[in-house]
Amino acid sequence: MRPFPLTCCIIAIAVFCLAKAGLAESNPLRSPDLTKHPLYSTYDFGKGSKIVNFGVQPIAVPIGLIGEVMKRDRILKRALKERGWDIRFHAFLKGSDLNFFVRRGSIDGAMAGDMPVIMTASSFDIVIAALAKQGFISIISSKHMQVEELKNKRIGFPAGTTAHYGLLLALLSGGLKESDIIPVHLEVNELYSALEQGRIDAFSAWEPFVTAALFKNKDLTVIQRVLSSSYFYFSGAFAKKNPEAAELIAASFVRSLQWIKNKEKNLLRAARWAVNARENMTEKTPELSLERIAAITKEDLLKIASSPVIPKRDYAVNGFLHRLFDSLQKQGIIAQNANWGKVFKSFDREIIEKVLADPVKYRLLDFDYGH
Amino acid sequence: MDIKENRKKRLSLSLRAKMLLYFGIAFAAAIAINEAIILYGIPFTDYHGAYRTEQARILQSLSDFADSKKTELQGWLDDRSADTKNLTGSGIFKAQVSELCSFAKKAGGTGIRGKKLASVLQKEKAFRAVQQKLSVLTQSYSAYEKIQVAGKNGMVIVSTETEDLGMDVSESLKFRKVLNPVIDEFVDMEKNEKNNKLYLFISSSINDSGGKPLAVVIMYSKADSIIEPMPYTGSALGKTGEVVLVNQDSKILTSLKYPLPDGSFAKPLEYINPAKPARLSASGIEGVLAANDYRGKRVLAATRYIRITSEIGWGMVVKIDETEVFAPIRQAVFFNLTTGVVICGIMLLVIYFIASNLSAPLKSLSISARRIEEGDFDERAHISGGDEVGMLAESFNSMAERIQNWHRDLEARVRLRTEQLNVLNEELSKEIAERRLVEEALKREKETAQKYLDIARVMIVVINADQTVALINKSGCETMGYQEEEISGKNWFYNFLPEEEIAGAKKVFGQLISGHAEPVEYYENRILTKDGRERLIAWHNAYFTDSSGRIAGTISSGEDITETRILEEQLRQSQKMESIGQLAGGVAHDFNNILTAIIGYANLMRMKLRGDDPLVSYVDEILSSSESAANLTRGLLAFSRKQIIDPQPVNLNDLVRGLEKLLRRIIGEDIELETFICDDELPLMADKAQLEQVIMNLCANARDSMPEGGLLTIETSLFNADESYARSHLFEATGTYAVLSVSDTGAGMDENTKERIFEPFFTTKDIGRGTGLGLSIVHGTVKQHNGYINVYSEPGKGTNFRIYFPVIKSETALKNMEVELLPQGGTETILVAEDKADVKKMIKTFLEEFGYEVLEADNGEEAVRIYAENREKIKLALLDVIMPKMNGREAYEEIKKTAPDVKALFMSGYSADIINRKGIVENGLEFMSKPVPPYALLRRIRHILDSERRQP
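Following this line, the structure appears as C-alpha cells:
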C-alpha cells in the first residue's frame, strides 16, 4: 500500500484552503473587523441618542487641521445643542478605517481622500458635500526613473487610501496596471523606513509624509506627482434625516477654512492642535515642524480656500473620478455590479452652496474656538 | 548524385572565401555588440548605456527647468494675488471706494446712470484718489493692463481706462463670484473680443468693516506681455525646447512654437492640445515621460500642474525633441561604425592575403587530386616546401603512385574475369533455354491435371504429412462452400471437421501415413461447411510419396452421401411401417373373422336363452368384450389403411377452426392452445371424420406428453414440394400440399422412440393408460389419404408433427366444401338408443347443445316403446347396433313396422367388416363407427334429416 498520493492530495487541499483563507484575510481592501481595534474599540458612538459622530484624520495634512479646528468650534456646538444635539469627534489613522464605521452607521460625517470616498460611495449611501483638500500624492523612489520602469518593482502604499489612488493614476499614465507591479501593503508611516531598508523600490504617500521623507533623505526622487482631493461628506441616512444638523456642520467646516485663512497665527494654532492630536493617537512625535505643516496646508488648502464647492469636472462623466472608478472596477477593487451612476448621485453641492449663500445665517465670519 | 555534384555542394566556398566570411561576420558582430552595449548598456548591471543615461539626464534637466518655471509662474500669480489683497485690504482705499459708492448710490437715486454718472463721478475727489492709486499700481509693476472697481450693482465706477467707466459687469463671473464675502478671490483668463487679446484677471471684493462687500476690484494682466514670456526657454532647452501651457481643459494658453501637422498655427484658448504630456499636466499629473507632442513628434517631457483655484489649474509641459537629445549619440554611433567598418575592411584585406598564401598549395593539391580522380593517374602534386602542406603533397604523391599500381593490377584482373564471365554466360543461356522448355511442359501437364481434378464430380483432397491441406479440387470447394485459398495450407482436421470426428479421422490419417492404407481405404466422416452445416462424406483414401520414396501425405476422393443416407433411412422406416401395416391388417382381418363367429354365436345364444336365464348376462359380457376387441381391430385396420373412408372436399382450415372448441375440452385447462390458420385455402379430398380423428389423436398425444401443462400449437400452411424436396423426403409426387402442424412443449422423444411411435401397440405410457394405437391410426389415416407425416422431436424440448395432404383445385369442390364444413344443428327430436350410459350422455349433451331434443333409451326394446309413444315427434332414431334385450337392427325393424319412413343412423364399435355381416351397410342403412367424432355425427344427422330419400 502506498499512502503517498492520498496524503499528497490531503496536504495540497489543506495548503490551498489555508492559503485561500490567508489571502482572504490578508486582502487589504477587505475591511477587517475594526470594532476590536485597540484604538477604535475605545470609542463611544453613543448609539441611539442624538449625537453626531464625526470622523477626522489628525495625521493627514491639511484635513487633519480642519478636523481639529471644527472640534473646537463652540458656535457649532451651541447651535447643535440648541436643537438637542451633541457632537463627538473620533480620530482615525486612515480613510478606509474611518469608512468602516461610516458603513456600520457609527460615523455620521467625515473628511477623507478620494479613493476611500469613491469606494464607499460605490457600495454605500453617502452625501459628498464639499471639497476639503486639493494636493498631490507623490511616488517616491531612491533613484530616478520613469513611471514605465515601475513594472515588476516592489511598491509600498496603504491600500484603499488616496495614496493607492495616486499610484493607480500614475501607473495608468504609464500604461501599467496594479498587476504589473509587486504591491506591498504598508501603513503610511512605515513607508519611508521600508524604502530605506530596501524592502521596497518605491512608495506612494500623501502629505506630510512625502515632505518628511524628502526632508530626511535628500537623495530620494519624486517619480511622479498626482493631484488628489479630499472630501467632506455625510452618511446618506444622516444627511437626509437631519438636514439642519448637516448644514450646521457644513457651516462649521467653511468657518474653519475661513478662520485658518484669516491669520497666520490661526494656521499655526490649527497645526499645533493637529500635531497634538496625532501624538495622542500614535504616541509619535511628527518629523516636521509646525511651520512646515503650515506651509503644506497653505499649499494644499488655502489656495483652494476661495471656494470649497466641489468642481463639477471632478465628478463629470469621463472626469478623473469616473476614470478612477472604471480603473478600480476593472482591477476588481470595486465590485463588478457597482455602477458609476450611484457614485455620481452621491455628489451633492446643495448643502455647501446653501451655506455659502447665507454667511450671516450660518455665521461663516464669526469665530469662537476653544483650546 | 555523383561525386562531382557532391563536391560542388561541399566546396561551394573556398577556404579563402570562408576565412573572409567568418572573420567578416565576427568583426561585424563585435562592432554591433560593442555599439549595442554603448547605446543600451549591459543587462543586470548598473551600466544603462548612452541612450538611457542621456535620456535620464535630459529628463532631470527638463524636470528642473519645469520646476523653476512653475515656481516662477506660481510666484507671479501669488504676487498678483497679494497685490489684490493689499489693495482691497487698505483702509484708506476702502474708505474712498465707500465714499464713491455712496455718491454713486445717491446719484443713481436721482436718475443719473451709465456714462453720465461716470462723468459726474470723475469730478469727485475720492474718484481721483482711487484712480491715481490704481494708475500707480499699473505703472509701477507693468503687470497690469488695467484695473477696474465696480460697485455692488456691477457698474464700473473707477478704472485706469476712462472708457470703461459706467460699464456694467454685473453679469460676469469675475464680479458675481466674489460678491460672497467667503469667496475672496477669483482668477481666470478670457479673450477680449474687441482686440482679440488674452487677459488674465483677478477679482476680489472690497468689504466694509462688517465684512460685507462694498465693491469689486478687477485687475487685468495682458497675457501677451505677462504670460507669453513665461514659456520662453532661451538656450536652456536647446533648439527644439518648448514650454507649453494649457488650462484644465487642455486648451493652450500660449502660442505654440511650431505649427500643427496640417501647417496651421494653433490659437490660444481655442486649440485643445491632444498630446499625452498636455493631457497629463492638465489633469494634475506631474512627472517625466517620453511621448509624442502636438506635432506627433517624439519628445522627452516634464509635466507640471499649477493650481489657480479649486476649479482652475494650468498644465505646463516642458519638452525637447528626442532627435535633438540623441543627436550627439547618433553622431558618435556613426563615427564608431564608420571607424569600425574601415578597420574591419583593412583586417579583411590582410586576412585575404594570408588566406591566399595558405590556400595556394592546398588548391594545387586539390587540382592534382581532381585530375587523378578524372583518370589521369600520371598526375603528381607540386611540392612547395617542407612545411605541413609540403609533407601532405609528398604523402599525396606516394598515395597516387600506389593507386596507379592498383589500378593497373585491377584492370588486368577485370579483363580476365570478363572473359571467364562471357564463357559462363553462354553456358547459362543454353541451360535457361532448356529449363524453359521443361517448365512449359510441366505447366501444360499441371494444367491438364488441374482440369481433371476440376471436372471430377467428387471431392479430391490432398493432405500433407503435417495435416495441412496441400490441394483441394473445385468440387471439394463447392461442397464445403470455401474458396481454395481459404482451405489450402490449413490443418484439415482442426479446421474442417466436427469435433467428434477429429479423433477418428486422425486415426485413419495416421494409419495411411504409416503405410497401412488397405484397412482404411474406405472411410466415412462428417465435414464442416463454411456456413456451419455438416455433410457426410464417403472417402476413398491413398497415400503418396515424395521423390525419395517417403510417404509425404494422403490423397482422398470423397463423395457427399448426406442426402443418400437420409433417404436410405427414410426408406427403411417406410418399409418397416409397410410391413407392420400388412402384418396388422392381416391379423385384424383374421381376427375380425373370428369375432364374426364369436358375435354371431353369442347372438344366437342370446336369442335361444330366455330373458331371465342367468346365462343372458354372460352372453352380454361376451358381446361387450367383443365390442372392445372390435375397437382394437378397427384401430389396426385404420393403421393398415383398410378402413372404409368417405372422401369429400374438405377445407383443412375450417376443419381446424371447427375442432378448436372441442380440442380445448380434450386438452384441459393446464394446457394453452394456440392456432395459426393460414390465409390460403387448403382444400383436400378427405374423410372429415377420419381427419378429425387424426387431429384429436395428435392433440391427445400432446396432452399426455405435457402432464404439468404447456403450449399446444396447431398451424396450417400451404407448401410447395419441389422435385428435390419430394426426392429427399420420399414424397411420391411433387405439387402443393396442405400442411397441418401440431406442436407441443412436452417431454419430447429420443431417436429410438421416434422411430417406433407409429408402430401398433407401442406406447411409452403406463400399462392400461393407452392402447398404443393412437399414432398408428394417425399414420394409417394419413397414408390412406395419400399424405405424409414427419416428426421432429428432441427430449425435453417438445414434439412437432407435420402432416402433408395433397391439395385439390376444383372450384366446385371448394364451394361444396364451404357449405358442408359448417356443422349445423336443428330443432328436431331424435331418439338415442345406447346401452353405455357415458356414451349416451355425451351424445345427448352434444345434440342438445346444437338445438335438438333428445329422447333416451337404454336398449332396443325401450327404443321401440319410446318411438311408439312419440312417433310424430321423432324424426330420427340413433341406434347402437349392439344393445342388450334387442339389438339396434332388430329395434329398427320393429319401429319400421309402424313407421316405414323412419330415418335411422346406426353406430357401433365393430368394424365395417363385422357390420357388413350384420346386414347394415349392405342394406344401404346409414352407419358410423365408434368412437363417433361429434361434428361428423352432427353433419351426418343433418344430412339424413335433410335427405328426401327414404331409408330401406
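These protein sequence lines are chains C and G, in that order. For the first sequence, the residue numbers in numbering that gives the first Met the number 0 are 0 to 370. For the second sequence, the residue numbers in numbering that gives the first Met the number 0 are 0 to 951. Don't be surprised by glycine CBs; every beta carbon is placed ideally from N, CA and C.
Next item on the list: Kindly list, in the order they appear in chain G, the residues whose Cβ is closer than 9 Å to that of Ser-326 (chain C).
Entry: The sequence position of residue 326 (chain C) within the first sequence is 327, counting from 1. At a beta-carbon threshold of 9 Å, none of the residues of chain G lie near Ser-326 (chain C); the nearest stands roughly 13 Å away.
Notebook entry, point to check: Does Ser-60 (chain G) come within less than 8 Å of chain C when only Cβ atoms are used?
Noted result: Counting from 1 along the second sequence, the entry for residue 60 (chain G) is found at position 61. Chain C, which has no Cβ nearer than 8 Å to the Cβ of Ser-60 (chain G), makes this no.
Notebook entry, point to check: Closest by CA to Leu-64 (chain C), which one among C:Leu-267, C:Lys-35 and C:Gly-235?
Noted result: Translated into the one-based positions of the first sequence, residue 64 (chain C) becomes position 65. Checking every option, the nearest Cα to that of Leu-64 (chain C) belongs to C:Leu-267.
Margin query: Please return the same chain residues whose Cβ sits closer than 6 Å to the Cβ of Leu-38 (chain G), not counting the five positions on each side in sequence.
Written below: Numbered from 1 along the second sequence, position 39 holds the residue referred to as residue 38 (chain G). For Leu-38 (chain G), same chain residues with a beta-carbon under 6 Å away, outside a window of 5 residues either side, are Gly-48, Ala-49 and Tyr-50 in chain order.
Notebook entry, point to check: Excluding sequence positions up to five away, which residues of its chain have a Cβ less than 7 Å from the Cβ of Gly-235 (chain C)?
Noted result: Taking the first residue of the first sequence as position 1, residue 235 (chain C) is located at position 236. Once the five neighbours on either side are set aside, the close Cβ partners of Gly-235 (chain C) are Asp-124, Ile-125 and Val-126.
Checklist line | Identified DSSP bridge partners for Gln-130 (chain G) | finding: Locating residue 130 (chain G) in the second sequence gives position 131, where the first residue counts as 1. By DSSP's assignment, Gln-130 (chain G) forms no beta bridge with any residue.
Note to self: Determine whether the beta carbon atoms of Ala-270 (chain C) and Thr-296 (chain C) lie at a separation below 8 Å.
What the structure shows: Looking up residue 270 (chain C) in the first sequence gives position 271. Looking up residue 296 (chain C) in the first sequence gives position 297. In this structure, Thr-296 (chain C) lies closer than 8 Å to Ala-270 (chain C) by Cβ.
Checklist line | Reference Gly-824 (chain G), options G:Ala-836, G:Gly-850, G:Tyr-803 and G:Lys-835, closest by Cα | finding: In the second sequence, counting from the first residue as 1, residue 824 (chain G) sits at position 825. Scanning G:Ala-836, G:Gly-850, G:Tyr-803 and G:Lys-835 for the CA closest to the CA of Gly-824 (chain G) turns up G:Gly-850.
Notebook entry, point to check: Residues in its own chain within less than 7 Å of Lys-753 (chain G) by CB, not counting five upstream and five downstream?
Noted result: In the second sequence, residue 753 (chain G) corresponds to position 754, counting from 1. Excluding sequence neighbours, Lys-753 (chain G) sits near Val-790 and Ser-792.
Checklist line | Interface residues of chain C facing Gln-247 (chain G) [CB-CB closer than 9 Å] | finding: By one-based count along the second sequence, residue 247 (chain G) stands at place 248. Those within 9 Å of Gln-247 (chain G) in chain C are Pro-310 and Arg-312.
Check: Quick one: what does DSSP say Glu-819 (chain G) is sitting in, helix, strand or coil?
Finding: One-based indexing of the second sequence puts residue 819 (chain G) at position 820. Caution is warranted here: a pLDDT of 46 is assigned to Glu-819 (chain G), below 50, making its placement in the model unreliable, and no coordinate value can be reported.
Item checked: Asp-945 (chain G) - DSSP class collapsed to helix/strand/coil -> Reading the second sequence from its first residue, position 946 is the one you call residue 945 (chain G). In this structure, Asp-945 (chain G) counts as helix in the three-state DSSP scheme.
Check: Between Arg-375 (chain C) and the rest of its own chain, which residues show a CB-CB distance below 6 Å, the 5 nearest in sequence each way excluded?
Finding: This structure gives no information on residue 375 (chain C), because the portion of chain C shown stretches from 0 to 370.
Notebook entry, point to check: What's the gap between the Cα of Val-317 (chain G) and the Cα of Arg-224 (chain C)?
Noted result: Along the second sequence, read from residue 1 onward, the residue named residue 317 (chain G) stands at position 318. Along the first sequence, read from residue 1 onward, the residue named residue 224 (chain C) stands at position 225. Rounded to whole angstroms, Val-317 (chain G) to Arg-224 (chain C) spans 16 Å at the Cα level.
Check: Hey, out of C:Tyr-191, C:Ala-249, C:Asn-279 and C:Ile-292, whose CA is closest to Glu-263 (chain C)'s CA?
Finding: Here residue 263 (chain C) is taken as the residue at index 264 of the first sequence, counted from 1. Among C:Tyr-191, C:Ala-249, C:Asn-279 and C:Ile-292, the Cα nearest to that of Glu-263 (chain C) is on C:Ile-292.
Notebook entry, point to check: Is the region 873-880 of chain G close to the region 830-841 of chain G, with three or more CB pairs under 8 Å?
Noted result: Per the Cβ contact rule, the region 873-880 of chain G is in contact with the region 830-841 of chain G (3 or more Cβ pairs under 8 Å).
Checklist line | Cβ contact (3+ pairs, closer than 8 Å) linking the region 459-468 of chain G and the region 479-492 of chain G | finding: Contact annotation: the region 459-468 of chain G touches the region 479-492 of chain G, with at least three C-beta pairs closer than 8 Å.
Checklist line | Identified DSSP bridge partners for His-539 (chain G) | finding: Here residue 539 (chain G) refers to the residue found at position 540 of the second sequence. DSSP output for His-539 (chain G) lists G:Tyr-521 and G:Ser-556 as bridge partner(s).
Margin query: Using a Cβ-Cβ cutoff of less than 7 Å, which residues in the same chain neighbour Lys-238 (chain G) once the five nearest sequence positions on both sides are dropped?
Written below: Position 239 of the second sequence, counting from 1, holds the residue named residue 238 (chain G). Closer than 7 Å at Cβ, skipping near neighbours: Glu-323.
Item checked: Outcome for Trp-405 (chain G) when other beta-carbon atoms lying within 10 angstroms are tallied against a minimum of 16 -> If you number the second sequence from 1, residue 405 (chain G) lands on position 406. Exposed, because fewer than 16 other Cβ atoms sit within 10 Å of the Cβ of Trp-405 (chain G).
Check: When you check each C-beta in the region 269-284 of chain G against every C-beta of chain C, which residues fall closer than 7 Å?
Finding: Cβ contacts with chain C: Leu-279, Ser-282, Gly-283 and Ile-284.
Note to self: Suppose you measure from the CA of Val-984 (chain G) to the CA of Thr-338 (chain G); what does that come to, to the nearest Å?
What the structure shows: Nothing about residue 984 (chain G) can be reported from this structure: the residues present for chain G run from 0 to 951 only.
Notebook entry, point to check: How many Å lie between Lys-843 (chain G) and Pro-759 (chain G) at the Cα?
Noted result: The sequence position of residue 843 (chain G) within the second sequence is 844, counting from 1. The sequence position of residue 759 (chain G) within the second sequence is 760, counting from 1. Counting only the Cα atoms, Pro-759 (chain G) lies some 32 Å from Lys-843 (chain G).
Notebook entry, point to check: Hey, would you say Leu-683 (chain G) sits closer than 8 Å to Phe-804 (chain G), going by beta carbons?
Noted result: Along the second sequence, one-based indexing puts residue 683 (chain G) at 684. Along the second sequence, one-based indexing puts residue 804 (chain G) at 805. A Cβ-Cβ contact shorter than 8 Å links Leu-683 (chain G) with Phe-804 (chain G).
Check: From the DSSP output, which residues share a beta bridge with His-184 (chain C)?
Finding: For this step, residue 184 (chain C) is matched to residue 185 along the first sequence. The partner list for His-184 (chain C) (beta bridge, DSSP) reads C:Phe-156.
Item checked: Collapsed DSSP secondary structure at Arg-939 (chain G) in the structure displayed -> For the purposes of this step, residue 939 (chain G) is identified with residue 940 of the second sequence, where counting begins at 1. DSSP places Arg-939 (chain G) in helix when its eight states are reduced to three.
Check: How would you call Pro-497 (chain G), buried or exposed, if buried means at least 16 neighbouring beta carbons within 10 angstroms?
Finding: Residue mapping note: residue 497 (chain G) aligns to position 498 of the second sequence, counting from 1. The residue in question, Pro-497 (chain G), is exposed, as its Cβ has fewer than 16 Cβ neighbours within 10 Å.
Margin query: Residues of the region 156-190 of chain C in Cβ contact with chain G at a cutoff of 8 Å, in chain order, please.
Written below: For chain G, the residues of the region 156-190 of chain C that bring a beta carbon within less than 8 Å of one of its beta carbons are Leu-168, Ala-169, Ser-172 and Gly-173, in chain order.
Check: Out of G:Thr-595, G:Asn-152 and G:Lys-506, which has the shortest C-alpha to C-alpha gap to Leu-622 (chain G)?
Finding: Counted from its first residue, the second sequence places residue 622 (chain G) at position 623. Selected option, being the one with the closest Cα: G:Thr-595.
Next item on the list: Please state whether DSSP places Met-576 (chain G) in a helix, a strand or coil.
Entry: On the second sequence, position 577 is the one that residue 576 (chain G) refers to. Looking at Met-576 (chain G) - three-state DSSP - the assignment turns out to be helix.
Notebook entry, point to check: Going by other Cβ atoms of all chains shown within 10 Å of its Cβ, with 16 needed for buried, is Tyr-521 (chain G) buried or exposed?
Noted result: Counted from its first residue, the second sequence places residue 521 (chain G) at position 522. Per the 10 Å Cβ criterion, exposed.
Checklist line | Spatial distance of Glu-387 (chain G) from Ala-35 (chain G) (CA atoms) | finding: Residue numbering aside, residue 387 (chain G) sits at position 388 when the second sequence is read from its first letter. Residue numbering aside, residue 35 (chain G) sits at position 36 when the second sequence is read from its first letter. For Glu-387 (chain G) and Ala-35 (chain G), the distance between alpha carbons rounds to 42 Å.
Notebook entry, point to check: Which word fits Glu-568 (chain G), buried or exposed, when buried means at least 16 other C-beta atoms lie within 10 angstroms of its C-beta?
Noted result: Within the second sequence, residue 568 (chain G) is the residue found at index 569, counting from 1. It counts as exposed.
Margin query: Do Thr-715 (chain G) and Glu-673 (chain G) count as a contact pair if the criterion is CB distance below 8 Å?
Written below: By 1-based counting over the second sequence, the position of residue 673 (chain G) is 674. By 1-based counting over the second sequence, the position of residue 715 (chain G) is 716. No.
Check: Between the C-alpha atoms of Leu-636 (chain G) and Phe-761 (chain G), what's the straight-line distance to the nearest angstrom?
Finding: Position 637 of the second sequence, counted from the start, is the residue given in the question as residue 636 (chain G). Position 762 of the second sequence, counted from the start, is the residue given in the question as residue 761 (chain G). Whole-angstrom Cα-Cα distance: 16 Å.
Check: Does the Cβ of Ala-862 (chain G) have 16 or more other Cβ atoms within 10 Å, making it buried, or fewer, making it exposed?
Finding: As a first step, residue 862 (chain G) is located in the second sequence; it is residue number 863 there, counting from the start. Looking at its Cβ environment, which holds 16 or more other Cβ atoms inside 10 Å, Ala-862 (chain G) is buried.
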